[in-house]
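S.K.: Take this structure first; my questions come after.
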Amino acid sequence: MPDQGAAGIATAVAENVQYQGRKTARQGSEQRRQLILDAAMRIVVRDGVRGVRHRAVAAEAAVPLSATTYYFKDIEDLLTDTFAQYVERSAAYMAKLWANTEVVLRQLLAQGDGSPQARARLADEVARMTADYVQRQLLNRRDFLMAEQAFRQEALLCPRLAELVRAHEQILLHGTRQLLQVVGSRQPEQDAQMLTAIIEQMEYQGLLKDANAQADGQMLAMLTRYLQLVLASA
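Numbers 1 to 234, taken from the UniProt record's numbering, label the letters of the sequence shown in order.
Below, the structure written as C-alpha coordinates:
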(Lines of atoms letter the chains of each structure in order from A and count residues from 1; the text may use other names and numbers.)
(Lines give C-alpha, C1' and ligand atoms only; values in the text may rest on other atoms or scores of the structure.)
Protein backbone atom coordinates (compact mmCIF):
# COMPACT_ATOMS: atom_id res chain seq x y z
CA MET A 1 0.00 0.00 0.00
CA PRO A 2 1.18 3.55 -0.58
CA ASP A 3 2.54 5.51 2.35
CA GLN A 4 -0.58 7.54 3.06
CA GLY A 5 -0.63 7.68 6.83
CA ALA A 6 -2.19 5.27 9.30
CA ALA A 7 -5.71 6.65 8.93
CA GLY A 8 -5.44 6.65 5.12
CA ILE A 9 -4.35 3.02 5.07
CA ALA A 10 -7.30 1.95 7.23
CA THR A 11 -9.68 3.93 5.01
CA ALA A 12 -8.22 2.27 1.91
CA VAL A 13 -8.81 -1.17 3.41
CA ALA A 14 -12.44 -0.27 4.19
CA GLU A 15 -13.03 1.02 0.67
CA ASN A 16 -11.55 -2.07 -1.00
CA VAL A 17 -13.51 -4.75 0.85
CA GLN A 18 -15.23 -7.04 -1.68
CA TYR A 19 -18.46 -8.92 -0.94
CA GLN A 20 -19.32 -12.32 -2.43
CA GLY A 21 -23.09 -12.59 -1.90
CA ARG A 22 -25.93 -11.35 -4.08
CA LYS A 23 -25.88 -7.58 -4.58
CA THR A 24 -28.93 -5.58 -3.54
CA ALA A 25 -30.42 -2.51 -5.18
CA ARG A 26 -33.42 -1.73 -2.98
CA GLN A 27 -33.11 -0.30 0.53
CA GLY A 28 -35.41 -2.93 2.02
CA SER A 29 -33.35 -5.73 0.51
CA GLU A 30 -30.12 -4.24 1.81
CA GLN A 31 -31.60 -3.93 5.30
CA ARG A 32 -32.57 -7.60 5.25
CA ARG A 33 -29.09 -8.55 4.05
CA GLN A 34 -27.61 -6.54 6.94
CA LEU A 35 -29.90 -8.33 9.39
CA ILE A 36 -28.60 -11.66 8.13
CA LEU A 37 -24.94 -10.63 8.37
CA ASP A 38 -25.40 -9.20 11.88
CA ALA A 39 -27.19 -12.39 12.95
CA ALA A 40 -24.36 -14.53 11.57
CA MET A 41 -21.84 -12.45 13.52
CA ARG A 42 -23.78 -12.96 16.76
CA ILE A 43 -23.75 -16.70 16.16
CA VAL A 44 -19.99 -16.67 15.51
CA VAL A 45 -19.44 -14.87 18.82
CA ARG A 46 -21.80 -17.17 20.73
CA ASP A 47 -21.27 -20.57 19.07
CA GLY A 48 -18.23 -20.23 16.83
CA VAL A 49 -17.97 -20.40 13.05
CA ARG A 50 -19.33 -23.95 12.93
CA GLY A 51 -22.60 -22.69 14.41
CA VAL A 52 -23.33 -20.65 11.27
CA ARG A 53 -25.95 -22.55 9.26
CA HIS A 54 -28.66 -21.16 7.02
CA ARG A 55 -31.46 -22.30 9.32
CA ALA A 56 -29.74 -21.00 12.48
CA VAL A 57 -28.98 -17.63 10.88
CA ALA A 58 -32.53 -17.26 9.56
CA ALA A 59 -33.91 -17.92 13.05
CA GLU A 60 -31.46 -15.50 14.66
CA ALA A 61 -32.30 -12.78 12.12
CA ALA A 62 -36.04 -13.53 12.23
CA VAL A 63 -36.23 -13.85 8.45
CA PRO A 64 -37.48 -16.71 6.26
CA LEU A 65 -34.97 -19.47 5.52
CA SER A 66 -35.31 -18.66 1.82
CA ALA A 67 -33.88 -15.18 2.49
CA THR A 68 -30.48 -16.49 3.60
CA THR A 69 -30.16 -18.79 0.60
CA TYR A 70 -31.28 -15.99 -1.73
CA TYR A 71 -28.49 -13.63 -0.66
CA PHE A 72 -25.82 -16.28 0.00
CA LYS A 73 -25.61 -19.40 -2.15
CA ASP A 74 -23.58 -21.30 0.44
CA ILE A 75 -22.17 -21.04 3.94
CA GLU A 76 -18.73 -19.98 2.66
CA ASP A 77 -20.25 -16.92 0.98
CA LEU A 78 -22.17 -16.10 4.16
CA LEU A 79 -19.09 -16.45 6.37
CA THR A 80 -16.89 -14.49 3.97
CA ASP A 81 -19.34 -11.60 3.77
CA THR A 82 -19.88 -11.62 7.54
CA PHE A 83 -16.15 -11.15 8.09
CA ALA A 84 -15.91 -8.71 5.16
CA GLN A 85 -18.46 -6.51 6.91
CA TYR A 86 -16.47 -6.79 10.14
CA VAL A 87 -13.25 -5.78 8.33
CA GLU A 88 -14.99 -2.82 6.70
CA ARG A 89 -16.42 -1.56 9.99
CA SER A 90 -13.20 -2.23 11.88
CA ALA A 91 -11.18 -0.31 9.29
CA ALA A 92 -13.50 2.69 9.55
CA TYR A 93 -13.18 2.60 13.36
CA MET A 94 -9.39 2.33 13.21
CA ALA A 95 -9.10 5.17 10.68
CA LYS A 96 -10.60 7.57 13.22
CA LEU A 97 -8.48 6.16 16.04
CA TRP A 98 -5.23 6.41 14.06
CA ALA A 99 -5.99 9.99 13.00
CA ASN A 100 -6.55 11.10 16.60
CA THR A 101 -3.55 9.17 17.92
CA GLU A 102 -1.17 10.59 15.33
CA VAL A 103 -2.15 14.15 16.27
CA VAL A 104 -1.46 13.43 19.95
CA LEU A 105 1.91 11.81 19.23
CA ARG A 106 3.08 14.69 17.05
CA GLN A 107 2.16 17.11 19.82
CA LEU A 108 4.12 15.06 22.36
CA LEU A 109 7.10 14.86 20.02
CA ALA A 110 7.06 18.63 19.52
CA GLN A 111 7.20 19.15 23.30
CA GLY A 112 10.43 17.17 23.64
CA ASP A 113 13.98 18.30 22.99
CA GLY A 114 15.32 15.05 21.57
CA SER A 115 17.27 14.22 24.73
CA PRO A 116 17.36 10.65 26.13
CA GLN A 117 15.10 11.77 28.96
CA ALA A 118 12.55 13.21 26.54
CA ARG A 119 12.62 10.03 24.47
CA ALA A 120 12.10 7.94 27.58
CA ARG A 121 9.05 10.03 28.48
CA LEU A 122 7.75 9.61 24.94
CA ALA A 123 8.22 5.84 25.14
CA ASP A 124 6.30 5.79 28.43
CA GLU A 125 3.44 7.75 26.86
CA VAL A 126 3.26 5.55 23.76
CA ALA A 127 3.24 2.47 26.00
CA ARG A 128 0.41 3.91 28.07
CA MET A 129 -1.63 4.75 24.97
CA THR A 130 -1.08 1.25 23.58
CA ALA A 131 -2.10 -0.38 26.87
CA ASP A 132 -5.22 1.80 26.98
CA TYR A 133 -6.06 0.70 23.44
CA VAL A 134 -5.82 -2.99 24.35
CA GLN A 135 -7.90 -2.44 27.49
CA ARG A 136 -10.62 -0.68 25.51
CA GLN A 137 -10.63 -3.48 22.97
CA LEU A 138 -11.11 -6.06 25.71
CA LEU A 139 -13.75 -4.11 27.59
CA ASN A 140 -15.77 -2.48 24.80
CA ARG A 141 -15.16 -4.66 21.75
CA ARG A 142 -14.73 -8.07 23.36
CA ASP A 143 -17.35 -9.75 21.17
CA PHE A 144 -15.62 -8.49 18.04
CA LEU A 145 -12.27 -9.84 19.24
CA MET A 146 -13.92 -13.21 19.91
CA ALA A 147 -15.29 -13.26 16.37
CA GLU A 148 -11.93 -12.20 14.98
CA GLN A 149 -10.23 -15.17 16.65
CA ALA A 150 -12.87 -17.54 15.27
CA PHE A 151 -12.44 -16.22 11.74
CA ARG A 152 -8.65 -16.42 11.96
CA GLN A 153 -8.93 -20.10 12.81
CA GLU A 154 -11.39 -20.76 9.99
CA ALA A 155 -9.14 -18.89 7.55
CA LEU A 156 -6.64 -21.77 7.80
CA LEU A 157 -9.16 -23.83 5.81
CA CYS A 158 -10.73 -21.13 3.63
CA PRO A 159 -8.55 -19.15 1.16
CA ARG A 160 -11.16 -16.39 0.71
CA LEU A 161 -11.29 -15.80 4.44
CA ALA A 162 -7.50 -15.91 4.60
CA GLU A 163 -7.33 -13.01 2.14
CA LEU A 164 -9.65 -10.96 4.35
CA VAL A 165 -7.69 -11.84 7.48
CA ARG A 166 -4.50 -10.59 5.82
CA ALA A 167 -6.26 -7.36 4.80
CA HIS A 168 -7.48 -6.88 8.35
CA GLU A 169 -3.99 -7.44 9.74
CA GLN A 170 -2.66 -4.68 7.50
CA ILE A 171 -4.78 -2.12 9.34
CA LEU A 172 -2.93 -2.65 12.62
CA LEU A 173 0.45 -3.43 11.06
CA HIS A 174 0.71 -0.47 8.70
CA GLY A 175 -0.91 1.89 11.17
CA THR A 176 1.56 0.89 13.87
CA ARG A 177 4.44 1.28 11.42
CA GLN A 178 3.31 4.80 10.54
CA LEU A 179 3.02 5.82 14.19
CA LEU A 180 6.43 4.35 15.02
CA GLN A 181 7.86 6.40 12.17
CA VAL A 182 6.29 9.48 13.71
CA VAL A 183 8.01 8.90 17.05
CA GLY A 184 11.38 8.19 15.43
CA SER A 185 11.86 4.42 15.11
CA ARG A 186 14.89 3.58 12.96
CA GLN A 187 13.32 0.31 11.80
CA PRO A 188 9.58 0.96 11.82
CA GLU A 189 8.68 -2.08 9.71
CA GLN A 190 10.40 -4.58 12.01
CA ASP A 191 9.35 -2.72 15.15
CA ALA A 192 5.73 -2.67 13.95
CA GLN A 193 5.82 -6.43 13.34
CA MET A 194 6.94 -6.95 16.91
CA LEU A 195 4.51 -4.48 18.46
CA THR A 196 1.48 -5.84 16.60
CA ALA A 197 2.44 -9.37 17.64
CA ILE A 198 2.60 -8.20 21.26
CA ILE A 199 -0.78 -6.48 20.99
CA GLU A 200 -2.45 -9.50 19.39
CA GLN A 201 -1.03 -11.83 22.03
CA MET A 202 -2.26 -9.51 24.79
CA GLU A 203 -5.72 -9.45 23.24
CA TYR A 204 -5.79 -13.23 23.02
CA GLN A 205 -4.62 -13.66 26.61
CA GLY A 206 -7.16 -11.05 27.69
CA LEU A 207 -9.97 -13.03 26.09
CA LEU A 208 -8.92 -16.08 28.10
CA LYS A 209 -9.29 -14.09 31.32
CA ASP A 210 -12.14 -12.16 32.86
CA ALA A 211 -12.47 -8.72 31.26
CA ASN A 212 -12.02 -7.03 34.65
CA ALA A 213 -8.78 -8.86 35.41
CA GLN A 214 -6.58 -6.93 33.01
CA ALA A 215 -5.51 -3.91 35.09
CA ASP A 216 -2.61 -5.67 36.86
CA GLY A 217 0.18 -3.55 35.40
CA GLN A 218 1.90 -6.43 33.59
CA MET A 219 0.63 -5.30 30.21
CA LEU A 220 1.87 -1.77 30.70
CA ALA A 221 5.23 -2.99 32.03
CA MET A 222 5.82 -5.18 28.95
CA LEU A 223 4.87 -2.43 26.52
CA THR A 224 6.99 0.12 28.37
CA ARG A 225 10.05 -2.12 28.27
CA TYR A 226 9.64 -2.80 24.55
CA LEU A 227 9.06 0.81 23.56
CA GLN A 228 11.91 2.03 25.72
CA LEU A 229 14.19 -0.31 23.79
CA VAL A 230 12.79 0.82 20.43
CA LEU A 231 12.99 4.54 21.09
CA ALA A 232 16.28 4.41 22.97
CA SER A 233 17.92 3.14 19.78
CA ALA A 234 16.34 5.85 17.61
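The beta carbon of each residue, even a glycine, is placed where N, CA and C say it ideally should be. Quantities reported herein were computed from a predicted structural model and do not represent experimental measurements.
Confirm, please, whether the CB-CB distance from L173 to Q190 is below 9 Å.
M.R.: No, they are not a contact pair.
S.K.: Compute the Euclidean distance between the alpha carbons of L122 and T69, then round it to the nearest angstrom.
M.R.: Looking at the two C-alpha atoms, the distance is approximately 53 Å.
S.K.: DSSP three-state call for V183: helix, strand or coil?
M.R.: Residue state, collapsed to three classes: coil.
S.K.: Starting from the N-terminal side, write out each stretch of the alpha helix (DSSP H) that is 4 residues or longer and does not extend beyond the stretch 111 to 182.
M.R.: If we require 4 residues or more, the alpha helix (DSSP H) runs fully inside the stretch 111 to 182 come out as 116 to 140, 142 to 155, 159 to 182.
S.K.: Please list the terminal residues of the continuous alpha helix (DSSP H) segment that includes G206.
M.R.: Per DSSP, G206 belongs to the alpha helix (DSSP H) from 188 to 208.
S.K.: Within the continuous alpha helix (DSSP H) that includes R55, where are the two ends?
M.R.: It spans 54 to 61 - the alpha helix (DSSP H) in which R55 sits, taken as one unbroken run.
S.K.: Does the beta-carbon of S90 have 16 or more other beta-carbons within 10 angstroms, so that it is buried, or is it exposed?
M.R.: S90 comes out buried.
S.K.: Count the other CB atoms within 10 Å of the CB of D143; is the residue buried (16 or more) or exposed (fewer)?
M.R.: Exposed is the call here.
S.K.: Could you give the residue range of the alpha helix (DSSP H) that holds Y19?
M.R.: Looking at the DSSP string, Y19 is not in any alpha helix (DSSP H), and its letter there is neither H nor E.
S.K.: For S115, which residues of its own chain have a beta-carbon under 7 Å away from its beta-carbon, when the five flanking residues on both sides are left out?
M.R.: Closer than 7 Å at Cβ, skipping near neighbours: no residue.
S.K.: At the level of alpha carbons, what is the spacing between Y226 and M146?
M.R.: Going by the C-alpha atoms only, they are around 26 Å apart.
S.K.: Here's a check: name, in chain order, each residue in its chain whose Cβ is nearer than 8 Å to the Cβ of Q218, leaving out the five neighbours to either side.
M.R.: Nothing meets the Cβ criterion.
S.K.: What's the gap between the Cα of L207 and the Cα of L138?
M.R.: So the two alpha carbons sit approximately 7 Å from each other.
S.K.: Which class does D74 belong to by DSSP, given the choice of helix, strand or coil?
M.R.: Coil.
S.K.: Identify, in the order they occur along the chain, each residue of the same chain with its Cβ nearer than 6 Å to the Cβ of A118, setting aside the five sequence neighbours on each side.
M.R.: So the list reads G112, once near-sequence residues are dropped.
S.K.: In the DSSP assignment, find the unbroken alpha helix (DSSP H) run with R225 in it and report its ends.
M.R.: Residues 218 to 232.
S.K.: If L156 sits next to T82, beta carbons under 8 Å apart, how far is it from one beta carbon to the other, in whole angstroms?
M.R.: Their Cβ separation, rounded to whole angstroms, is 17 Å, which puts L156 and T82 out of contact at 8 Å.
S.K.: Using the Cα positions of Q135 and M202, report the straight-line distance between them to the nearest angstrom.
M.R.: Cα to Cα, the separation comes out at about 9 Å.
S.K.: Taking E125 as the reference, which of V230, A232, T224, G8 has the closest Cα?
M.R.: Here the closest residue by C-alpha is T224.
S.K.: If you measure between the beta carbons of L78 and V52, is that distance less than 9 Å?
M.R.: Result yes, Cβ atoms of L78 and V52 sit closer than 9 Å.
S.K.: Can you tell which of F151, E169, Q170 has the C-alpha that lies nearest to the C-alpha of L161?
M.R.: The shortest C-alpha separation from L161 is found at F151.
S.K.: Does the Cβ of Q178 have 16 or more other Cβ atoms within 10 Å, making it buried, or fewer, making it exposed?
M.R.: Buried.
S.K.: V57 and A84 look like a contact to me (Cβ under 8 Å); what is the Cβ gap, rounded to whole Å?
M.R.: Rounded, the Cβ-Cβ distance is 16 Å, inconsistent with contact.
S.K.: Could you round the C-beta distance between V182 and R106 to whole angstroms and report it? I think they count as a contact, below 8 Å.
M.R.: So it is a contact: roughly 6 Å between Cβ atoms.
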